[in-house]
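Contents: one structure, followed by commentary.
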Amino acid sequence: MEKEMNSVVHFEIPFDDKKRASAFYEKVFGWQLQDIEEMDYVIARTGETDPKTFMLKKIGIINGGMYKRDEKSSPTPVLVIDVPDINSKLKEIQENGGEITKEKSTIGDMGYYAQAKDTEGNIIGIWETIKK
């Protein structure tokens, strides 16, 4: 039986200065950024998005976000991987030498998110969409 592949669906980039980082990515890459002040987070749209579904129109593109760097967050960019069951994936990560660095939390009514350190010390994001 072939193991299901889990896709990279999002990225996150830490910042020290939100305005400076936002200006850089808007000017250099033309990204559309949306500040979410209450979360100290910025949504980054990297391609044309359908206004009704919020899905990207071009295949192969992912959107992302930027967050305030602090002592608890990853100091480097994070790739976020979509999984069908976050609880079983976090268990699997630990069973294979990884470490949970940010416990599972609920993100609005969209999904569940956690972070883990792989065997090489890289931080990865784990995402499960809430089924509606």
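Position 20, counted from 1, in the sequence shown is what my numbering calls 8; the numbers after and before it change by one each time, with no gaps. Every residue, glycine too, gets a C-beta built ideally from N, C-alpha and C.
For isoleucine 81, the closest alpha carbon among the candidates Tyr13, Val(-3) and Gly113 is that of Gly113. Per DSSP, reduced to three states, the secondary structure at isoleucine 118 is coil, with no helix or strand assignment. The DSSP-derived three-state label of arginine 57 is coil.
The stretch -4 to 3 and the stretch 58 to 74 touch, with three or more beta-carbon pairs separated by less than 8 Å. Its Cα nearest to that of valine 30, the residue Gly52 stands out among Gly52, Ile47, Lys45 and Lys15. Under the three-state reduction of DSSP output, phenylalanine 42 falls in the coil class, being neither helix nor strand. According to DSSP, alanine 104 shares a beta bridge with Ile88 and Ile112. Cβ neighbours of lysine 77 within its own chain (closer than 6 Å, five residues either side excluded): Val71 and Ile114. DSSP, reduced to helix, strand and coil, places serine -5 outside both helices and strands of the structure shown, so it counts as coil.
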